[in-house]
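In this note's numbering, the protein residues as written are 16 to 317.
All C-beta atoms in this analysis are idealised placements derived from N, C-alpha and C, irrespective of residue type, glycine included.
To start, the structure under review is shown below, and the notes come after it.
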Ligand code: CP
Ligand code: NVA
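Here's what the structure looks like:
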């Protein structure tokens, strides 16, 4: 594995290997003897806000012996229009790896190609691969390794956003059933479904159908970064898909609620549900560190 640019490009076996390593690194935290990033500098190039991703990568790179260098796009020449490919060719001669949060998926692809250094997608409009790995790690901690196999997992709300798409590709790669519940305009396009070519993705505008029998119920903000202008027009259509106590009555016994955070209480999730499921939700956040250390570790070895 040279880069982590998307779950679409990852194999199921790679995902399983990363999860197994993530569990191990979590168990061994503070007792690592191997420092695969010793002597290396990894750049974090961020065009969007972040709490979890930035902190977990800065801590993760440090714990593996490397030095993280945070670069906000605003403070680099990228913010003044220097092309991604030129920036990539410069950084590729100076740093050992790059972790990029941006808008276009093509930017991370281009960076990886022109820099020649390991590149990690830390969220694009298209996908959020690091988050889904942390979510699957959490699911395995709660229900057992590989437990996703026999489970229905639901994703409610803006199902065609970066998190929804990451879940779709994970379902295909690992072979689980994913139910997407949202208004018609927030369900995946026919083109994406054709590309996925996977029968166990259920798309429905009925929130009860999506959640019925689900063991893990996911949601995410209805307004992703970069879509702020759509707030007024979008919200009304999404309220039937709010994850609340009444809707969860249809989920499987022993279900969990997942949210990648940040959460907007009273919109995609109620305060009551978030607090009831806070242990799973904040474990997802913590597991960003362990899952990403597994990614860094793997990329450093290849
Ligand atoms: N979930 C997530 O990526 O959080 P941040 O935007 O805070 O990094
Ligand atoms: N879909 C959200 C995820 C935030 C971590 C966004 O892109 O803003």
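Burial state of residue 75 is buried, judged by a 10 Å Cβ sphere holding 16 or more other Cβ atoms. Here DSSP, grouped into helix, strand and coil, assigns residue 29 to helix. Inter-residue distance for residue 220 and residue 304 is about 34 angstroms (C-alpha atoms, whole angstroms). In this structure residue 296 is in contact with residue 272, their Cβ atoms being roughly 7 angstroms apart against a cut-off of 8 angstroms. Within the model, the alpha-carbon separation for residue 215 versus residue 184 is close to 11 angstroms. Taking residue 23 as the centre and dropping the five residues before and after it, the same chain places the C-beta of 184 closer than 6 angstroms to its C-beta, in chain order. Of the heavy atoms belonging to the ligand NVA, none sits nearer than 8 angstroms to the Cβ of residue 302. For the ligand CP, no non-hydrogen atom lies closer than 8 angstroms to the CB of residue 262. Cβ-Cβ separation between residue 228 and residue 186: approximately 16 angstroms, too far for a contact (criterion under 8 angstroms). In the three-state reduction of the DSSP assignment, residue 238 falls in the coil class, being assigned neither a helical nor a strand state. For residue 151, the Cβ stays outside the 8 angstroms cut-off from all heavy atoms of the ligand NVA. If you draw a 10 Å sphere on the C-beta of residue 188, you find 16 or more other C-beta atoms in it, and that means buried. Using a Cβ-Cβ distance cut-off of 8 angstroms, the region 143–158 and the region 190–200 are not in contact, since fewer than three pairs of beta carbons, one from each stretch, lie closer than that value. Exclusion of the five residues before and after residue 169 leaves 194, 225, 226, 229 and 232 as the residues of its chain whose Cβ lies within less than 6 angstroms of its Cβ.
Within 8 angstroms of the C-beta of residue 138 there is at least one heavy atom belonging to the ligand NVA.
Distances from the alpha-carbon of residue 290 to those of 258, 31 and 90 put 258 closest. Linking residue 119 to residue 316 through their CA atoms gives a straight-line distance of about 28 angstroms.
In the DSSP annotation of this structure, the continuous segment of the alpha helix (DSSP H) that includes residue 151 starts and ends at 144–158.
When the alpha-carbon of residue 83 is set against those of 123, 113 and 102, the nearest one is in 113. Beta-bridge partners of residue 274 (DSSP): 234.
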